[in-house]
Amino acid sequence: MRLPRPRFRTLRGRLAVLYTGMFALALAVLGVTAQVMIWTHARSSVSAELAASGSVYDGLWALRAKTLAGTADVLAHDFGFRTAVATGDRPTIESALATLRARAGVQRAMVVEPDGSVVGAAGPLAAAIAGLPDRMGDGRHDAVLVSQGRIYRVIVSPVLAPMQIGSVVLALPLDAAEMRGLERLSAIPLTATMLYRDAAGRWQSADGSIGADPAVDALVSASQSTRRLVTLTLPAGRAFAIAKPLAGPNGRADAALLIRYPLQAALAPYLPLQAGLALAGLIGIALVVLGSLRLARRITRPLFELDAAARTLEEGARTEVTVTGEDEIGRLAQSFNRMSQGIVDRENRISHLAFHDTLTGLPNRTSFRQALDQALARAARSGPAGEQVAVLCLDLDGFKGVNDTLGHPVGDALLETLGALLTRLAPDGLVSRLGGDEFAIILAGRLEADRPRGLAQAILDAVARPVEAAGHQIATGFSIGIALSPADGTDPDQLLKNADLALYRAKKDGHGVFRFFEEALDIAARKRRQMELDLREALMTGQFRLNFQPIYDLKADRIGGFESLLRWHHPTRGEVSPVEFIPVAEDTGLIVGIGEWVLHEACRHAVDWPDHVRVAINVSPLQFRSQGFAAIVMQALARTGLPPRRLEIEITESVFLDGEDHVLGLLHQLRAIGVRVALDDFGTGYSSLSYLRSFPFDKIKIDRSFVTHVAADASSAAIVRAIVDLAAALHMEITAEGVEDADQLGCLRGQGCDSIQGFLLSRPVEYDAIARLLPARLAKAA
Amino acid sequence: MMRIRFLSALALALVAAIAPAAAHAATVTITVRQPDGTPLTDGVVLVDSAAAPRPVPRGPYAMEQKQIAFQPHVLIVPVGAQVAFPNRDSVRHHVYSFSKAKRFDLKLYGREDQRSIVFDTAGVVALGCNIHDTMSGFVIVTATPFYARTDAQGRVTIPGVPAGAVTLRLWSPSIRAAGNVLAQAATVPAAGYATTLTIRR
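Structural data, given as structure tokens:
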């Protein structure tokens, strides 16, 4: 069986209970030992006392026997008495017995004659006495007789003349008075009781104070041979007792003397000792409880403090424990303090790493977000007319170029320098580096209305001059988008997005400027996002189709080709202008997929056209630069079976913006398989002439802005003439776009344009209208 | 021993004397045993017969007090015999008897004093000394000539007992009965009579 172990919530309780328990156990052992010793001592002293009393009683018993026997003998030997007995002189005998009674103080004195008649007594006692002399063993003259529940001590003395002629018998009732007399002989208050054996063989007292009791029986029977001390439980209470069996006439004991001593009386002298022990024990326990509590408190107080400090540390607070003493707990406290300090140091380092940019030492994006959250929350608490938050998103213009040309170490140095610069310019704001060349500044609190603008302008002014970094003077600039809370949003995500939109706008507006967020920017952004989703949908579900605008060959006087134009029929919005969706497609990269579709679709249609009719396709710079563009072209040709020479790829100058080498390689590749390449929108870009030298385009398309005014404006006409001459010199064809009336046609034809395209001839048409259009001829008269 | 033999001779003489008168005389042999089966050695057997003649005292008889004891311990005398009680000791004695056969009381007497008692009634007389409790003696006063003391084998042989009805009496101090005597009737045939008596305690 396992006792449930008590659970302690405190060490203090455990120690107190442990010590108190151990002390109580020791006390209990001591108490039990003391009790046993007391018991043993009481028992032994009572035993000695009883033994002494027993011995005294024995001696007294023997002495009494002797005295009585002597008294009886005196009578039995008296010559006159013997004469009287011999002659049967009863009156004389009785008078002699009366004298004996008076002289010896014995109540009953009798003479038993040889024939069994008893002189001097009558009744039951006489009957018991009658045969007594014969029953007594040889040489015995002393016996204890039980008659009708009364116990007598009998002394028998023979009357000899010289043969026995009778017996003098003295009978002494062993009654209460006799017992009291015995008791008075003892130094201690003993109780003497006579026991006799009843008809059933059980021992009981003559006075009825002790009934039949197995313990008493056992005691008497054990006392036949040796005297022993036992503890009896009697009606009067527990008592130490000894028994003295008393021999009857035939030697068997029919009566016994029980001497007892109450346990209570035996233990009474030890009561003060026991009380003293108990009191001392209680005081001891109280002292141990107090002492162990005190000791436990001394031990556990530092532990408690350590515990509390550990909790504090767990919750993230720096904590110190007061070190007291040089013991183990003191050393533990010292270790704890060192650990606590170490944890705090590391935590600081980790959180600094987590929240700061390692390069510039500025707060990082995470930290910026937290600061923005806090600033907005604070502003929200301050009420409608309270604090403002301004977010300035900064993007370094041309940073990639710096890295590419001057190397990353210089780029890093530039970022550091600019970080320091921004920090210096915005002491009232939080400058963060969000990553790469992006910075952001939070201005919060009660701002002057013009502070965001002033700061943005100050930054732009500061970087208007070249900045020195790593020994280089670097011309750089920032584009800055600004969003204000609560006007531009109270949600940090929204505010940051709006600032980004403003930044986007600033970049669009030509770098080196700042722009505030406007609602329209947000709406446009949303539309773009929706557009992107719609475009993906459109590409997958086939909402696109191609329209074709004829290109009229002025030299051959017939339609020499069609420019394929992408059309999008939105299921809900209807026709969507390419001007609207192409930029989105370009921005999102969808233009690659769309372009591939256009290429295939155009080739598929063109293959049905007459052999001299080409198909022209506009390729966006993104698509053109995409991986595997040449392969896609060849695939489209192979799949449709369109001869390469009938495919004309129209590109704009912007394909050259990100480097010429790759583009030229691709162009030559296309040329090699026979595909024609046209330069579209000529005249609107940067420095077109260098490209013309770099690559032998098959055709140049003059932008409609020149064509529109070619008939009315002399300068436009001059430019057109110059381009036509230039193309002729380079052996390139010329196509004029946007020809709307006969004057323009006439003018262009006059200047030697190879082909024209425009509403004058036809708007872009659906595929099924092409067959009808092919035979059309322009009137030469115009 | 001498005295026994003497007594036996006396008995034989008595028998011889009366033999002519009693034509049919027989020998009585009795063996006496104690309760434990051993022979009773200090007993006296008396045979009472109506046909028996009275024994005649032939004295002198003496019961000495010598060395604080009666000598002999048991003295058998015929009825009417006078027995002297000479004191051979240097101390005085006070010899008494409370027996019915002869009650007497010889007050203190010494060597110089002559005391004698005539026993005229048959019976056992127990003798004591009031001064010396240890002294005990017996005088058997007999009315019959047929008596004997048991020998070492507890046996008596009494010749010349007239045939016919007799009373056998046995005396011994160890017999617990009135007068320390056991009595038994018997018929003695002419051819003789033999029996064994066992004492019951």
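If you read the protein sequences in the order shown, they are chains A and B. The first sequence begins at 814 in this note's numbering and counts up one residue at a time. The second sequence begins at 296 in this note's numbering and counts up one residue at a time. A virtual CB, placed ideally from N, CA and C, is assigned to each residue, including glycine. All figures in this text were calculated on a predicted structure; none of them were measured in a lab.
- Beta-carbon neighbours of B/Pro468, restricted to chain A and to distances below 9 Å: Met976
- Rounded to whole angstroms, what's the CA-CA distance from A/Val1101 to A/Glu1118? Just pull it up for me. Each residue's CA atom was taken as its position, placing A/Val1101 and A/Glu1118 some 25 Å apart.
- Task: Just tell me which of A/Ala1052, A/Ala1056, A/Val1043 has its CA closest to the CA of A/Ser1036.
- Result: A/Ala1056
- Message: I'd like to know whether the C-beta of A/Phe892 is nearer than 7 Å to at least one C-beta of chain B.
- Response: yes
- Query: At a CB-CB cut-off below 8 Å, which residues of chain B make contact with A/Thr1599?
  - Reply: Summary: the structure shown does not reach residue 1599 of chain A, with chain A confined to residues 814 through 1595, and so no result is reported for it.
- Item | Anticipated Cβ contact below 8 Å, A/Val1552 with A/Gln1570, distance rounded | 7 Å
- Item | Contact the stretch 962 to 977 of chain A vs the stretch 1069 to 1078 of chain A: 3+ CB pairs below 8 Å | no
- Checking contacts by CB at 7 Å: is A/Ala899 closer than that to chain B? With 7 Å as the cut-off, A/Ala899 counts as an interface residue toward chain B.
- Item | For A/Pro971, the residue or residues it bridges with in DSSP | A/Ser980
- Query: At a CB-CB cut-off below 8 Å, which residues of chain B make contact with A/Leu1070?
  - Reply: By Cβ distance, chain B contributes nothing, its closest Cβ being about 34 Å from A/Leu1070, past 8 Å.
- Could you spell out the range, first to last residue, of the alpha helix (DSSP H) harbouring A/Glu996? For A/Glu996, the enclosing alpha helix (DSSP H) begins and ends at 989 to 997.
- Entirely enclosed alpha helix (DSSP H) segments - the stretch 1454 to 1536 of chain A, minimum 4 residues: 1473 to 1486, 1501 to 1507, 1517 to 1521
- Segment contact, 8 Å Cβ cut-off, at least three pairs: the stretch 1352 to 1369 of chain A with the stretch 1569 to 1586 of chain A: yes
- Message: Give me the chain A residues within the contact set of B/Asp428, using Cβ-Cβ distance strictly less than 9 Å, ordered along the chain.
- Response: His890, Leu973, Pro975
- Item | Cβ neighbour criterion (16 or more within 10 Å) applied to A/His954 | buried
- Query: So, using beta-carbon positions, are A/Asp1301 and A/Asn1311 closer together than 7 Å?
  - Reply: yes
- Kindly indicate which three-state DSSP category B/Arg450 falls into: helix, strand or coil? In this structure, DSSP gives B/Arg450 an extended state, which the three-state scheme calls strand.
- the stretch 939 to 963 of chain A: positions lying closer than 8 Å to chain B by Cβ: none
- Query: So, helix, strand or coil for A/Asp1581, using DSSP?
  - Reply: helix
- Message: Taking a contact to mean a Cβ-Cβ separation below 7 Å, would you say B/Pro352 touches B/Gly375 in this structure?
- Response: yes
- Item | Any 3 or more C-beta pairs closer than 8 Å across the stretch 1106 to 1122 of chain A and the stretch 864 to 884 of chain A | no
- Let me know the secondary structure DSSP gives A/Arg1358 once reduced to three states. strand
- Reduced DSSP category for A/Arg1341 - H, G, I as helix; E, B as strand; rest coil: Helix, per DSSP.
- Task: Label A/His1475 either buried or exposed according to how many other C-beta atoms from any shown protein chain fall within 10 Å of its C-beta, with 16 as the threshold for buried.
- Result: exposed
- Under 7 Å, do A/Leu983 and A/Leu881 count as touching if we go by C-beta distance? yes
- Taking A/Ala1068 as the reference, which of A/Ser1038, A/Val959, A/Glu996 has the closest Cα? A/Val959
- Task: Look up A/Gln1036 in the DSSP assignment and say whether it is helix, strand or coil.
- Result: Note on residue identity: the sequence assigns Ser, not Gln, to residue 1036 of chain A. DSSP places A/Ser1036 in coil when its eight states are reduced to three.
- Message: Could you tell me the alpha carbon to alpha carbon distance between A/Val1523 and A/Ala1549, rounded to whole angstroms?
- Response: 10 Å
- Does DSSP classify B/Ala485 as helix, strand or coil? coil
- Task: Write down the C-beta distance between A/Ile937 and A/Gln961 rounded to the nearest angstrom, noting that I regard them as a contact closer than 8 Å.
- Result: It is worth fixing the name first, because residue 937 of chain A is Pro in this sequence and not Ile. About 5 Å separates the two Cβ atoms, so the contact holds.
- How many angstroms separate the CA atom of A/Ala1351 from the CA atom of A/Trp1381? 8 Å
- Give the residues of chain A in contact with B/Gly423, contact being defined as C-beta atoms less than 9 Å apart. Arg895, Leu973, Ala974, Pro975, Met976
- Query: In terms of DSSP beta bridges, what is A/Ser860 paired with?
  - Reply: Checking the DSSP bridge columns, you'll see A/Ser860 has no partner listed.
- Item | Alpha-carbon spacing of B/Gln362 relative to A/Arg1041, whole angstroms | 51 Å
- CA-to-CA distance, A/Ile1364 to A/Leu1591, given in whole angstroms: 12 Å
- Item | A/Phe1442, DSSP secondary structure in three states | helix
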